[in-house]
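2 protein chains.
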Amino acid sequence: MPSKEEITSWFKSLQDSICASLEKEDGKGKFTEDNWTREEGGGGRTRIIQHGNVIEKGGVLFSAVHGPVPEFLTRESNLNTNKDLTFYAAGVSIVIHPSNPMVPIIHMNVRYFEMSNGVFWFGGGIDLTPHYIVEEDAKFFHNSLKEACDKHDRSFYPHFKKWADDYFYIPHRKETRGVGGIFFDKLTATDAITKHARFDFIKEIGNTFAPVYTSLMNRNKTKTFSEKNKQWQLLRRGRYVEFNLVYDKGTKFGLETNGRTESILMSLPETAGWLYNFLPDKGSDEESTLLLLKKGINWV
Amino acid sequence: MPSKEEITSWFKSLQDSICASLEKEDGKGKFTEDNWTREEGGGGRTRIIQHGNVIEKGGVLFSAVHGPVPEFLTRESNLNTNKDLTFYAAGVSIVIHPSNPMVPIIHMNVRYFEMSNGVFWFGGGIDLTPHYIVEEDAKFFHNSLKEACDKHDRSFYPHFKKWADDYFYIPHRKETRGVGGIFFDKLTATDAITKHARFDFIKEIGNTFAPVYTSLMNRNKTKTFSEKNKQWQLLRRGRYVEFNLVYDKGTKFGLETNGRTESILMSLPETAGWLYNFLPDKGSDEESTLLLLKKGINWV
Chain A
2 MPSKEEITSW
12 FKSLQDSICA
22 SLEKEDGKGK
32 FTEDNWTREE
42 GGGGRTRIIQ
52 HGNVIEKGGV
62 LFSAVHGPVP
72 EFLTRESNLN
82 TNKDLTFYAA
92 GVSIVIHPSN
102 PMVPIIHMNV
112 RYFEMSNGVF
122 WFGGGIDLTP
132 HYIVEEDAKF
142 FHNSLKEACD
152 KHDRSFYPHF
162 KKWADDYFYI
172 PHRKETRGVG
182 GIFFDKLTAT
192 DAITKHARFD
202 FIKEIGNTFA
212 PVYTSLMNRN
222 KTKTFSEKNK
232 QWQLLRRGRY
242 VEFNLVYDKG
252 TKFGLETNGR
262 TESILMSLPE
272 TAGWLYNFLP
282 DKGSDEESTL
292 LLLKKGINWV
Chain B
2 MPSKEEITSW
12 FKSLQDSICA
22 SLEKEDGKGK
32 FTEDNWTREE
42 GGGGRTRIIQ
52 HGNVIEKGGV
62 LFSAVHGPVP
72 EFLTRESNLN
82 TNKDLTFYAA
92 GVSIVIHPSN
102 PMVPIIHMNV
112 RYFEMSNGVF
122 WFGGGIDLTP
132 HYIVEEDAKF
142 FHNSLKEACD
152 KHDRSFYPHF
162 KKWADDYFYI
172 PHRKETRGVG
182 GIFFDKLTAT
192 DAITKHARFD
202 FIKEIGNTFA
212 PVYTSLMNRN
222 KTKTFSEKNK
232 QWQLLRRGRY
242 VEFNLVYDKG
252 TKFGLETNGR
262 TESILMSLPE
272 TAGWLYNFLP
282 DKGSDEESTL
292 LLLKKGINWV
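Line by line, the protein sequences give chains A and B.
Residue numbering for the first sequence follows the numbering used here, beginning at 2 and increasing consecutively.
Residue numbering for the second sequence follows the numbering used here, beginning at 2 and increasing consecutively.
In structure tokens, the structure reads:
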């Protein structure tokens, strides 16, 4: 059964390999690293890339924290309040904002959580937010995720795809954040599925990130764009900010539990914008994208 | 005793007079108006100004809505769940984002709330967010508010100033949003204070807005600024976005109760920005401002 040390060490190696792949595809930007510690226990390795050829601002974060189980979790899990109960959580979180509006924004998180009472689970998600939706790219992205999921369980992709549609949704805009992806949580071991098998699935998803996103960078990074495209990018980034600050559970949890603000908010773009009641022109590329920001689209 | 009709009609006239004053001082920008209705009852008159000489994006909003009392309010007020209980709420909300970083952002809200059981109250607030704090301006702003408060009750300004320090605060940044102002809520009638007197106080605060802010526009609008100043403005606007989306109760309430999104989020600037772990240079104007974004500063 993989130990927390083994899982943690793998997350670190994932951070390393993803940073290397992104630097290579970017061709100019280099990650800088900030190591931080958490007063209550543990810490992280925050790696940030800014002003590359392709990536305007992005982060690939590793963290591993531990301490007494927060009160909201004992409530949520119907646990007796037990002051001796401790938790350990480790994971990798990524958000990449490209400068060229034709290159999509991407996010991934893979995480492991365990408590001193023996309860553990894995969780994660990956979703794509194109400023302009390219059907071929969305299909490639979803097919890659489906392929990764199918190696483990053919029920995963449909289940986790729907979960992502519901999670990466902005109710006050009645829009999805992008073309979705997969989202999953509380994957624990059962009589039929070992912890080892769960960890293998997490590795599969983690390892899918770099080849898929560098391919999407590569396909789109040399595309030309206009001032109008940049304006639209600002507005789409505004929506990204709205989702992250109003709805994203990781952000909320981090800010409420006195997490490291600069690491949590690395997900925000270098610039974002809001225009009052902006409506794209009929028949424009912006309108086509908006019409595809809906739940339940089958991309595979 | 002023009726809801009388109070509502005054709020509308306040919106009119503030829009006229702002247009005059701006010299170019004109408000456009959107009238909207709320399915559950009532509606609003949203007035937006964009791309003026001084104001880049701003809104002066009137609304008057009514319906069954929302569940969270019966809980908060320890009322018995009573399906027949209805509410009526009216008010004016303002946020102005100037283009010149030397002109401060301003916000004001004045509101009236009543329920069919006879309970009523007034609330509101006004606060200033300079990108660069000018001590003389902050003193002028606070002295103007103190003067308005003192006409009604000499305990108001110290009490409401502290309330604003606590309310307009960004815990995850350990920064106030700006130089504060006043904030107050649930001002109802007592044996000693009539509803009429409360309404007079609300009028006083509402009427303070235009002369104070147009003066601040006037003092600063012709100041020159650099690219560095514009960059800093973007980051300060980023903080404004963080406050409004994460903490502001009006925004939260509006988004959660299916309010009109474009009216609620008119408070967001046309552009905002985030840089990872940005720290101003030692001894710079940006650092001086940051050092003053603290609670408890006495500006009068």
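No residue lacks a Cβ here, since even glycine has one placed at the ideal position from N, Cα and C.
The structure presented is a predicted model; accordingly, all values stated were derived computationally and were not measured.
Spatial neighbours of residue i in its chain, beta-carbon cut-off 8 Å, leaving aside the 5 residues before and after
i: threonine 177(A); result: Asp166, Phe169, Tyr170, Ile171, Leu294, Lys295 and Lys296
i: glutamate 57(B); result: Gln51, His98, Pro99, Ser100, Pro270 and Glu271
i: threonine 252(B); result: Asn245, Leu246, Ile265, Leu266 and Ser268
i: threonine 258(B); result: Pro71
i: glutamate 243(A); result: Ile171, His173 and Arg174
Backbone secondary structure at residue i - three-state DSSP
i: threonine 209(B); result: helix
i: threonine 130(A); result: strand
i: threonine 47(B); result: strand
i: valine 104(A); result: coil
i: alanine 193(B); result: coil
i: valine 242(B); result: helix
i: serine 64(A); result: strand
i: lysine 283(A); result: coil
i: asparagine 118(A); result: coil
i: leucine 235(A); result: helix
i: proline 71(B); result: coil
i: phenylalanine 88(B); result: strand
i: lysine 147(A); result: helix
i: glycine 251(A); result: helix
i: isoleucine 298(B); result: coil
i: methionine 2(B); result: coil
i: leucine 188(B); result: strand
i: lysine 306(B); result: Only positions 2 to 301 of chain B appear in this structure, which leaves residue 306(B) out of reach.
i: tryptophan 164(A); result: helix
i: arginine 155(B); result: coil
i: threonine 38(B); result: strand
i: threonine 258(A); result: coil
i: threonine 9(A); result: helix
i: arginine 112(B); result: strand
i: serine 94(A); result: strand
i: threonine 290(B); result: helix
i: glutamate 271(B); result: coil
i: phenylalanine 169(B); result: coil
6 Å Cβ shell around residue i - same chain, five flanking residues per side excluded
i: asparagine 36(B); result: Arg46
i: tyrosine 158(B); result: Lys147 and Cys150
i: glutamate 41(A); result: Gly68
i: phenylalanine 142(B); result: Leu129
i: valine 61(B); result: Gln16, Ile19, Cys20, Arg48 and Ile95
i: methionine 2(B); result: Lys196
i: lysine 29(A); result: Gly53 and Asn54
i: isoleucine 8(A); result: Tyr113
Contacts that residue i makes with chain B (C-beta to C-beta distance below 8 Å)
i: threonine 177(A); result: Ordered by position in chain B, no residue passes the 8 Å Cβ test against threonine 177(A), which lies about 16 Å from the chain.
i: tyrosine 277(A); result: Ile49, Gln51, Lys58, Gly60, Glu263 and Met267
Where residue i meets chain A, residues with beta-carbon distance less than 9 Å
i: proline 270(B); result: Gly274 and Trp275
Neighbour list for residue i in chain B, Cβ cutoff strictly below 7 Å
i: leucine 256(A); result: His173 and Val247
Same chain, Cβ closer than 7 Å to residue i, five either side skipped, listed in chain order
i: leucine 15(B); result: Val93 and Gly207
i: glycine 255(A); result: Ile265
i: asparagine 118(B); result: Leu86
i: glutamate 288(B); result: Pro281 and Asp282
i: threonine 38(A); result: Gly44
With 7 Å as the C-beta to C-beta threshold (strictly closer), list the residues of the segment 172-197 of chain A near chain B in chain order.
Those would be His173 and Arg174, in chain order.
Residues of the segment 228-245 of chain A with Cβ closer than 9 Å to any Cβ of chain B, in chain order:
The residues in question are Leu235, Gly239, Val242, Glu243 and Asn245.
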